[in-house]
Amino acid sequence: MTLDDFRREIAEPAIEYRPELRWWLAEGLHSDATLRREIDDAHRLGFGGMEFLAMDEGAIDHARYGWGSEEWVHDSQVVVEETTRRGMSVSFTSGTNWSNANLPTITPDDRAAAQELDVASETLAPGERRSGPLPRIDLAAPAAARHLPGERGTIRDQHLVAVVAARVVDADAGVLDASSLTELTASVTDDTLEWTAPDGEGDWRVFFYWLHGTGQTAEPSASVNYTVNYIDRDGVDAVIAYWDDVVLTPELRAQIAQNPRAQMYMDSLELSTFGAGGLFWGHTVVDEFRARRGYDVVPWLPFLTRDVPFMAVSTVYHHQPADDADRITVDKVRHDLVVTFTDLYIENMLRPFAEFLHGVGMTLRAEISYGLPFELTRPGPEVDGIETESLEFGAQIDAYRLLAGPAHLFGKQYSSETGATTRNHMLDHRFYDQIIATQLAAGITKTVLHGWASPAGAEGVTEWPGHEGMWPMFSERFDTRQPGSEFYPLWTAAIGRLQYALRCGRPRIDVGILRTDHFTDNLVGLSLTGDGGERIPDEVAYGTMWMRDRDNFWWQDLGMQDAGITYEFFDGSLLLRDDVSFDGDEVQPSGPGYRALVVYQETLDPDVAAHLLAWARRGLRIVVVDGAREVQSLMEGRHTTHATAAARTPGLDGRDDELAAIMAELRRMPGVRVAAPSGVVTALDELGAGGRARFETDDPHVLTHLREDDGLVVLYAYHFLYETTEPTTVRIALEGTGPVHRLDAWTGELRLHRGARQAGDRTVVELTLAPGEVAIVVLDKTTDAADSPAPAVTEVARAEAWRLVVESWDAGEPEVLEEDRGLGYVSREVRPTTAVTRLDAGTVELAPWSEISGVGADVSGVGEYTAVLSVAEVADGARYLLDLGSTGGGLGSVRVGDGPERGFDTAHPVVDVSGSIRPGDNAVTVRVSSSLNNRLRARGYYERIPDIGAQLTGEERMQHAVVREYGLLGPVRLVREE
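Here the sequence shown is numbered in my numbering, starting from 297 and rising by one per residue.
Take a look at the structure:
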């Protein structure tokens, strides 16, 4: 790609680079006219695609409108037709709602349904004899409540898996004698067991393990949907059969064939078990474990059952062994089980499903692994797109690095479900822009906003501002109900330009960190309770805590980040694949091109260690880090410290001595350094892997991401401490020489950057970034370098007197929409409308609307500010920038004279008006939008909305909404750069 190619294509980015939407449909209730209107609105506002799913719409007829009904199938056809006609992407979900793959064609007793290992037990005194029938699971007992969607349906069948006995060391603490484990399954006859506990010290507990369906339901459905089996092949076969035979009609297949971006989407794995065992299981697990791991898992089952109150990270095992040596052994068995689970998830779900989808012209995008005890990154090669999210990961850079490794290693589209919060309609647009900016810094290049809903919904439950879709708790809406939607075309084009730039060529990541995790903490973003039990608002946590308080979760030393050295994580076993290479300098040179690898966890697969040793002999740079600390569960305050890296193998493979010998040799290699976390940067510098975009001096404010396409180097830089007040000036030394250009994401203009100089074989780029500001610069290595000093900035004028008119948004009269498709009934929707009232506040000093007479604290909407800027003269060749100071985080636009309408960065609202400014008086119009918080607060909306963030900690309370500061806050200055 040449610089001219880049300039031409980024000016108006193609639709595939625009942000996309998750669209919550009111089941199949929407009329065709509503569906077409929503898709047309989304396209008009600049969105590039829609992922659609059915959400429970309360008291409507689910048999008529639920997922799988004729109405739902018909609506799916309309959605695919209309998105395809406009060149938009379209994504199905793998069942009703979002939470898992589910079907109406199975029952909990089918092999294709999700299965769990349940347990009953008896306690025997030494020498006591038991006889008679085995205790079974009471499948009719009430199920414990779960945080995840779905309830337990009716389960009838249960199958004996094993009977195991163990001596009890401490009943209250759940401690068992590992050496006493005794399998009794072979002694069971006709579901009866006779057995006498051995004499000696301590009671014995006999465990009876039963396999049965979880019975987890999924709503809304035309009948009843049940979650499918992710472990055995039966689950995916049933999914494929349903889609192949029922959903994908000839008409739908014809439409999909015309859409090159048709996808299936699988969300985070929100699956529940309800029994006492707490273990997902399958009919083949015991045999598959034995075949893959070389020993029998059954005797170890007492140490494997668990409580899992909320996803895999919350796992608490029921029993522990009595001594340290046995604890290590049990940890190895536990690891072998979750490795086996991951194998089966890959081989029996993802791989065959992707193969089927490819055969019908679709690709598979998935939030892989997290939620269940599957290794986070190993499934990455099996899907076409890897997705993360902002809600559960709290928009933390380290969380986004977790999945960046497999995405970049295997050239997968890396996307994020973006914008879900617990603060419905409350927060300013800047909050969401900062989430996107953080994600881009990790190499996420596809934003899927969470989300979109039609204002229209069912009668009796739909009120202004409209159909909620994803309820009023885990959501925000980027649709026409928002005052800011007027400015979405400007905003979506800007995001499209950023995403275009960050898809150019290949990523360039300095360091790959080997990291294995089967219990990923995907609840860090929901850890919103302070030490005193107080509820921490999302915007406070995101803006001032965690990564913005010097606390990264997984790689906690900030030396590399402060130095501008980029890094990301992946499971070491991915290096063993045939499609991963080392060319003597870089790992995967066609992908991230890691120049060094870091090993820090206490366990390491010996095959991976041997692979690293072989590559080290060929020149691979490695840093072995002892003493690194990482989070296990932020919500519970659990961390682990890896005293010695690669001290043992993770599984019960008998290869600890082999690993020790490999690591002893590896640590002595000339291209290997051994360091504490604080010494990693020094070690990398010694190895010649100090970063492709190294900061001349450390800067704790800035994150970067680098791409390279032939002779172009594209650098993204972001001042991530957006709640601070001071700008930072960072000097970044890029490899290679040539002129540097800077992108204006809001106009598409690419101009020569002022503030670049050659330093040997590098180019030093000086960037001054305001808090929350992002920058894209492009180094053109195909052209001779030319130093360009930073510009001088002079204030030219200020606008002090402003006339303000606020377009105040409130509920209007609802419309009733009817549709008769000739099926013997009429469908009715209610579409709330917005009444807009003009409030003329006259001439004002810039202040929040809540402080301005004639506007006040109850108003939401769009404010139009007009003023005159007097400019004595306009210097030739100078840039003129209109600095708005602050817009309260609101999205908006600026127009000077008869110039074009331009958007602005909500964190740093500065607009290039060079082509519009004239000598003399210049009319300036600034339009600024708000959220709906203040209006909804005044209407009592939040008094009816539960605070889901508080509920997750057991506290029942309603949302607490405060008055937000809206409007143009200034100061507004015209400055000249020359």
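Ideal Cβ positions, reconstructed from N, Cα and C, are used throughout, including at glycine. Quick caveat, the model's predicted, so the values are computed rather than measured.
Quiz item: With a CB to CB cut of under 6 Å and the five nearest residues on each side skipped, what residues in its chain are close to THR580?
Solution: For THR580, where only same-chain residues beyond five positions count, the Cβ hits under 6 Å are ASP528.
Quiz prompt | Nearest neighbour of ALA264, chosen from ARG1191, LEU1270, ARG799 and LEU507 [CA to CA] | solution = One cannot answer for residue 264 here, as it falls past the ends of the chain, which runs 297 to 1274.
Quiz item: Could you give the residue range of the alpha helix (DSSP H) that holds LYS628?
Solution: First-last of the alpha helix (DSSP H) with LYS628: 620 to 641.
Practice problem: Count the CB pairs spanning the stretch 1077 to 1091 and the stretch 729 to 746 that are closer than 8 Å, and state whether there are at least three. | Solution: Note that the stretch 1077 to 1091 does not touch the stretch 729 to 746; fewer than 3 beta-carbon pairs, one per stretch, sit closer than 8 Å.
Self-check item: Simplified DSSP assignment, three categories, for GLN857
Solution: Under the three-state reduction of DSSP output, GLN857 falls in the helix class.
Practice problem: Grab me the residues of GLU1274's own chain with a C-beta within less than 8 Å of its C-beta, minus the 5 sequence neighbours each way, in chain order. | Solution: Counting only residues of its own chain and dropping the five nearest sequence neighbours on each side, GLU1274 has a CB closer than 8 Å to the CB of PRO1087, ALA1088, THR1090, ALA1171, GLY1173, ALA1174 and ARG1175.
Quiz prompt | Inside the stretch 433 to 501 only - beta strand (DSSP E) runs reaching at least 3 residues | solution = Qualifying beta strand (DSSP E) stretches, in chain order: 455 to 466.
Exercise. On a CA-only basis, which of ASN525, TYR505 and PHE504 is nearest GLY513? Give me that one, please.
Key: Residue identity check: residue 513 is Thr in the sequence provided, not Gly. Selection ASN525, TYR505 and PHE504 evaluated against THR513 yields ASN525 as nearest (Cα-Cα).
Practice problem: Mind checking which residues open and close the beta strand (DSSP E) that includes ALA1093? | Solution: Per DSSP, ALA1093 belongs to the beta strand (DSSP E) from 1089 to 1094.
Self-check item: Closest Cα partner of PRO1275 within the set ALA1203, LEU948 and ALA960
Solution: Because the chain in this structure spans residues 297 to 1274, residue 1275 falls outside the shown range and cannot be described.
Quiz item: Helix or strand or just coil, what does DSSP make of GLY1044?
Solution: Note: GLY1044 maps to coil in three-state DSSP.
Quiz item: DSSP beta-bridge partners for ASP1136?
Solution: Bridge partners of ASP1136: VAL1101.
Self-check item: Residues bridged to SER929 (per DSSP)
Solution: Per DSSP, ARG934.
Quiz item: Per the contact definition of three or more C-beta pairs closer than 8 Å, is the stretch 322 to 341 in contact with the stretch 748 to 756?
Solution: Contact holds: three or more Cβ-Cβ distances are below 8 Å.
Exercise. Count the other C-beta atoms from every protein chain shown that fall within 10 angstroms of the C-beta of ALA912, then say buried if there are 16 or more, exposed otherwise.
Key: By the 10 Å Cβ count, ALA912 comes out buried.
Quiz item: ASN720 by DSSP, collapsed to three states: which one?
Solution: ASN720: coil per DSSP, three-state reduction.
Quiz item: Can the beta-carbon of GLY423 be found closer than 8 Å to that of ALA467?
Solution: Contact annotation: GLY423 and ALA467 have beta-carbon atoms that are not nearer than 8 Å.
Quiz item: Rounded to the nearest angstrom, how far is the Cβ of LEU660 from that of LEU870, given a contact under 8 Å?
Solution: With a Cβ gap of about 18 Å, LEU660 and LEU870 do not count as contacting.
Quiz item: Roughly how many angstroms separate the alpha carbons of VAL1026 and THR601, rounded to a whole number?
Solution: Taking the straight line joining both Cα atoms gives about 52 Å.
Exercise. Measuring alpha carbon to alpha carbon, tell me which of ALA534, THR899, ALA537 and ALA461 ends up nearest TRP500.
Key: Measuring from the Cα of TRP500, the nearest candidate turns out to be ALA461.
Quiz prompt | Distance CB(ARG793)-CB(GLY1044) smaller than 8 Å | solution = For the pair ARG793 and GLY1044, the CB atoms are nearer than the 8 Å cut-off.
Exercise. Check whether the stretch 959 to 978 touches the stretch 920 to 931, counting contact only when three or more Cβ pairs, one atom from each stretch, lie closer than 8 Å.
Key: These segments touch.
Quiz item: So, using beta-carbon positions, are GLY1199 and TRP748 closer together than 8 Å?
Solution: No, they are not a contact pair.
Quiz item: Can the beta-carbon of ILE809 be found less than 8 Å from the beta-carbon of GLU882?
Solution: In this structure, ILE809 keeps its C-beta atom at 8 Å or more from the C-beta atom of GLU882.
Quiz item: Whose C-alpha, out of LEU908, ARG777 and ALA837, is nearest the C-alpha of MET965?
Solution: Selected option, being the one with the closest Cα: LEU908.
Quiz prompt | the stretch 714 to 725 / the stretch 762 to 773 touching (three or more Cβ pairs under 8 Å) | solution = In short, these stretches touch, since the Cβ pair count reaches three.
Quiz item: Under three-state DSSP, which class holds HIS1001?
Solution: In the structure shown, HIS1001 sits in a strand (DSSP, three-state: E or B).
Quiz item: For the putative contact between ALA1137 and VAL1151, defined by C-beta atoms under 8 Å, what is the C-beta separation to the nearest angstrom?
Solution: ALA1137 to VAL1151, Cβ: 5 Å. Contact.
Quiz prompt | Beta-carbon proximity of GLU378 to ILE335, cut-off 8 Å | solution = Taking the C-beta atoms as reference points, ILE335 is found nearer than 8 Å to GLU378.
Quiz item: Would DSSP call LEU399 helix, strand or coil?
Solution: In the structure shown, the three-state DSSP call for LEU399 is strand.
Quiz item: Are PRO946 and TYR1018 close, meaning C-beta to C-beta below 8 Å?
Solution: TYR1018 is positioned such that its CB atom lies no closer than 8 Å to that of PRO946.
Quiz item: Should THR523 and ALA409 be called a contact, given that it needs their Cβ atoms to be closer than 8 Å?
Solution: Closer than 8 Å, so yes.
Quiz prompt | Spatially closest choice to GLY860 from SER712, ILE732, ALA1013 and GLY821, by CA coordinates | solution = Per the Cα distances, ALA1013.
Quiz item: Does the distance from the CB of LEU349 to the CB of ASN396 come in under 8 Å?
Solution: No, they are not a contact pair.
Practice problem: Please state if the CB of PRO1144 and the CB of GLU1261 are separated by a distance shorter than 8 Å. | Solution: A contact, by the Cβ cut-off of 8 Å.
Quiz item: Whose C-beta lies closer than 6 Å to the C-beta of LEU1063 among residues of the same chain, with five residues either side of it excluded?
Solution: Excluding five sequence positions before and after LEU1063, the CB atoms of its chain that fall closer than 6 Å to its own CB belong to ALA1013, VAL1026 and ALA1071, given in chain order.
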